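A.B. asks: Here the sequence shown is numbered in my numbering, starting from 2 and rising by one per residue.
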Amino acid sequence: MTISNWLCSPGIWALALLLRPVAAFQLSCDLLRDLQIQEDLCTEALAAENASTNHWAEGGCAGIWDRISCWPSSAFGETVTIPCPKFLQGLTDQQGSLYRNCTKDGWSMRFPSVDVACGYDANITEPDNVVYFMHLKTLYTTGYGTSLASLVLALALLASFRRLRCTRNYIHMHLFASFILRAMSIFIKDEVLYSTEDIDHCNAYSYCIMANYSWLLVEGLYLHTLLVISFFSEWKYFCWYIALGWGSPLAFIIAWTVCRHLYENIGCWDINSNASIWWIIRGPVILSIFINFILFVRIIRILMKKLKTMDVVSRNDLGQYKRLARSTLLLIPLFGIHYMVFAFFPEDVSSDTIKIRLSFELTLGSFQGFLVAVLYCFLNREVQSEIHRKWCRCHFREYFLLRQQNNSMVSSAPTILTQVMPDSQSSNEKQRKKSAEKSSAI
Numbered sequence: 002m003t004i005s006n007w008l009c010s011p012g013i014w015a016l017a018l019l020l021r022p023v024a025a026f027q028l029s030c031d032l033l034r035d036l037q038i039q040e041d042l043c044t045e046a047l048a049a050e051n052a053s054t055n056h057w058a059e060g061g062c063a064g065i066w067d068r069i070s071c072w073p074s075s076a077f078g079e080t081v082t083i084p085c086p087k088f089l090q091g092l093t094d095q096q097g098s099l100y101r102n103c104t105k106d107g108w109s110m111r112f113p114s115v116d117v118a119c120g121y122d123a124n125i126t127e128p129d130n131v132v133y134f135m136h137l138k139t140l141y142t143t144g145y146g147t148s149l150a151s152l153v154l155a156l157a158l159l160a161s162f163r164r165l166r167c168t169r170n171y172i173h174m175h176l177f178a179s180f181i182l183r184a185m186s187i188f189i190k191d192e193v194l195y196s197t198e199d200i201d202h203c204n205a206y207s208y209c210i211m212a213n214y215s216w217l218l219v220e221g222l223y224l225h226t227l228l229v230i231s232f233f234s235e236w237k238y239f240c241w242y243i244a245l246g247w248g249s250p251l252a253f254i255i256a257w258t259v260c261r262h263l264y265e266n267i268g269c270w271d272i273n274s275n276a277s278i279w280w281i282i283r284g285p286v287i288l289s290i291f292i293n294f295i296l297f298v299r300i301i302r303i304l305m306k307k308l309k310t311m312d313v314v315s316r317n318d319l320g321q322y323k324r325l326a327r328s329t330l331l332l333i334p335l336f337g338i339h340y341m342v343f344a345f346f347p348e349d350v351s352s353d354t355i356k357i358r359l360s361f362e363l364t365l366g367s368f369q370g371f372l373v374a375v376l377y378c379f380l381n382r383e384v385q386s387e388i389h390r391k392w393c394r395c396h397f398r399e400y401f402l403l404r405q406q407n408n409s410m411v412s413s414a415p416t417i418l419t420q421v422m423p424d425s426q427s428s429n430e431k432q433r434k435k436s437a438e439k440s441s442a443i
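1. Nearest to N444 by CA position, among P334, W247, L359, L218, is which residue?
2. Unbroken alpha helix (DSSP H) runs of length 4 or more, entirely within the region 357-403: which are they?
3. Taking DSSP as the reference, what is the three-state secondary structure of R101?
4. Return the CA-CA distance between T197 and K190, expressed in angstroms with no decimal places.
5. How is the beta strand (DSSP E) around I187 delimited, first residue to last?
6. Quick one: what does DSSP say S75 is sitting in, helix, strand or coil?
7. Comparing alpha-carbon positions, which option in S289, A212, W72 lies nearest F180?
8. Label D106 either buried or exposed according to how many other C-beta atoms from any shown protein chain fall within 10 Å of its C-beta, with 16 as the threshold for buried.
9. For the alpha helix (DSSP H) containing V259, name the first residue and the last one.
10. Taking one C-beta from the region 32-51 and one from the region 64-81 each time, how about it: are there three or more such pairs within less than 8 Å?
11. At a cut of 8 Å, does the region 365-372 reach the region 145-158 through at least three beta carbon pairs?
12. Look at S151 and F336 and say whether their C-beta atoms are less than 8 Å apart.
13. Output the boundary residues of the alpha helix (DSSP H) element that contains V342.
14. Looking at C-alpha atoms only, which residue of V153, L165, N170 is the closest neighbour of R183?
15. Kindly indicate which residue of Y100, K356, C119, H175 has the alpha-carbon position closest to the one of I243.
16. Per DSSP, I83 is paired with what?
17. Quick check: the Cα distance between I230 and L222, rounded to an integer number of angstroms?
18. Starting from the Cα of R68, find the closest Cα among T80, F188, T44 and give me that residue.
19. Exposed or buried, which one is R101 when buried takes at least 16 other CB atoms within 10 Å?
20. Pick out whichever of M341, A374, F379 has its Cα sitting closest to the Cα of F361.
21. Residue range of the alpha helix (DSSP H) that F239 falls in?
22. I need the straight-line Cα distance from Y133 to W279, nearest angstrom please.
23. What residues in its chain sit with their C-beta under 6 Å from that of P285, if we drop five residues either side in the sequence?
24. Since I believe S98 is in contact with P84 (beta carbons under 8 Å), could you give me their beta-carbon distance rounded to a whole number of angstroms?
25. Would you call the CB atoms of C378 and L158 closer than 8 Å?
26. What first and last residue would you give for the alpha helix (DSSP H) that runs through S207?
27. Can you tell me where the alpha helix (DSSP H) holding C116 begins and where it ends?
28. Please state the DSSP three-state secondary structure of F112.
29. What three-state label does DSSP hand I295 in the structure shown?
30. Enumerate in chain order the residues of its own chain whose CB-to-CB distance from Y264 is below 7 Å, with the five nearest sequence positions on each side excluded.
31. Could you tell me if D35 is buried or exposed, where buried requires 16 or more neighbouring beta carbons within 10 angstroms of its beta carbon?
32. Take A160 as the anchor and find which of E387, L228, W257 has the nearest alpha-carbon.
33. Which one or two residues does DSSP pair with W66 in a beta bridge?
34. In the structure shown, what three-state DSSP assignment does G144 receive?
35. Return the chain-ordered list of same chain residues with a C-beta closer than 6 Å to the C-beta of P250, the five sequence neighbours on each side being excluded.
36. When the Cα atoms are used, what is the spatial distance from T310 to S234?
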């Protein structure tokens, strides 16, 4: 079993998820990096030790690396004591010790077991939680896969039809692209990064997450501008939207990268010990969620006023509430309002509410791209009419081609008949002559 496979086992993964919800799905990256560093240091120390002395092969036990700890060389009869591996201390906050005896037959088994000595026993520590988080991982993987497929199709549809090319749909296309990048980054981390020991690019995915939140904010700003301002230059605003959606996350990522490199260049930058540096990228995300929530409330108020003025004549309160409810349901996934529920939720890992939070965020977050693609592309009447027009055009083209072929066949029929008629006439004349000759002979 390789180091990465051991760390990505269900028990370790679920333990990391329980103990560090802030970086629940990125934690393995730093664990792998820390373990790789410890292995390199152990290899160097053992190589230097073997170069200085070579009597351990005859009078003791040579030092070894057992995939999680470094054991120095020892003489026969000695008991070597080492602390628990650093990555387990970081997970469990428990400082224990491991032991090995150097015997004439070599190193004894490690005792006590790593699970017991260092605070986590995969056999007795909440096996239900392990199963729960494995199911949760399967659920969000399914959600991101469904979102990725639907978003790619929706983006292709909006880009294919010229009649759909407007500022509103351009913004939708950029939002779809940000959701696609987010889903792809999740799959790259889960399927490619953790299945190998390549841990050099663990910090390459924060930009995709921030860009997705930025484009959710752009959607809210654009819709609010449409309702508040009667006339405005959409193209001029669209340039600013591009800068906000793709440029602002890049600026924060650069600032965060510089600070991490200077002040917290540890591991692969997924565990955030320094809260002030972490807020460089967390702050803009929470701010965008808060602004979108305010825009959502303002837009709902504007829609209520417009619906009331529309229903003054019709006096149809039921229709008013139906339209308001439909508009609200359409706006919730577009604005990402569900993120507001746990945006300021305390990071309390000792409470069972962490399960509720993870289930809520991961389930809705993974399927959000699918909902956006369905509501703003597949159920869009303009898109449906363009697809219907394209379908009719293709069928009419086939119909006219078939009709043209039939007409050409009909027009060629007289020529064939004129070629056949002389031959038939000549054969009839021959038969008459033969019959006449027979009658004369009689």
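All C-beta atoms in this analysis are idealised placements derived from N, C-alpha and C, irrespective of residue type, glycine included. Please read these numbers as outputs of a predicted model, since none were measured by experiment.
C.D. replies: Taking the definition as stated:
1. Within the shown structure, residues of the chain are numbered from 2 to 443, placing residue 444 beyond reach of any answer.
2. If we require 4 residues or more, the region 357-403 turns out to have no alpha helix (DSSP H) run fully inside it.
3. For R101, the three-state secondary structure derived from DSSP is strand.
4. Low confidence applies to T197: its pLDDT is 49, below 50, so where it sits in the model is not reliable enough to give any reading.
5. Not the beta strand (DSSP E): I187 falls in the alpha helix (DSSP H), residues 168-188.
6. S75: strand per DSSP, three-state reduction.
7. Answer by Cα proximity: A212.
8. Here D106 is exposed. Its C-beta has fewer than 16 other C-beta atoms within 10 Å.
9. Counting along the chain, the unbroken alpha helix (DSSP H) around V259 starts and ends at 249-264.
10. Yes: the two stretches touch, three or more of their Cβ pairs being nearer than 8 Å.
11. Put simply, the region 365-372 touches the region 145-158. At least three CB pairs are less than 8 Å apart.
12. No, Cβ-Cβ distance for S151 and F336 is not below 8 Å.
13. It is not in any alpha helix (DSSP H) - V342 carries neither H nor E in the DSSP assignment.
14. Closest option to R183, Cα to Cα, is V153.
15. If we check each option's Cα against that of I243, H175 comes out closest.
16. L99.
17. One C-alpha to the other measures close to 11 Å.
18. Nearest to R68 by alpha-carbon distance, out of T80, F188, T44, is T44.
19. The residue in question, R101, is buried, as its Cβ has 16 or more Cβ neighbours within 10 Å.
20. Nearest option by C-alpha distance: M341.
21. Boundaries of the alpha helix (DSSP H) harbouring F239: 235-243, taken from the DSSP string.
22. Their backbone Cα atoms lie some 29 Å apart in a straight line.
23. Taking P285 as the centre and dropping the five residues before and after it, the same chain places the C-beta of F253 closer than 6 Å to its C-beta, in chain order.
24. Confirmed, about 6 Å.
25. The beta carbons of C378 and L158 sit closer together than 8 Å.
26. Membership of S207 in the alpha helix (DSSP H) is indicated by the continuous run 207-229.
27. Correcting the residue identity first, residue 116 is Asp in this sequence and not Cys. For D116, the enclosing alpha helix (DSSP H) covers residues 115-118.
28. F112 sits in a strand when the DSSP states are folded into three classes.
29. In the structure shown, I295 sits in a helix (DSSP, three-state: H, G or I).
30. Short of 7 Å from the beta carbon of Y264, and not among the five residues preceding or following it, lie these beta carbons of its own chain, in chain order: N275, I278.
31. Counting the other CB atoms within 10 Å of its CB gives D35 a total of 16 or more, which places it among the buried residues.
32. Check the Cα spacing between A160 and each of E387, L228, W257: the tightest is with E387.
33. Partner(s): C71.
34. G144: helix per DSSP, three-state reduction.
35. Y208, M211, A212, S215.
36. Rounded to the nearest whole angstrom, the CA to CA distance from T310 to S234 is 27 Å.
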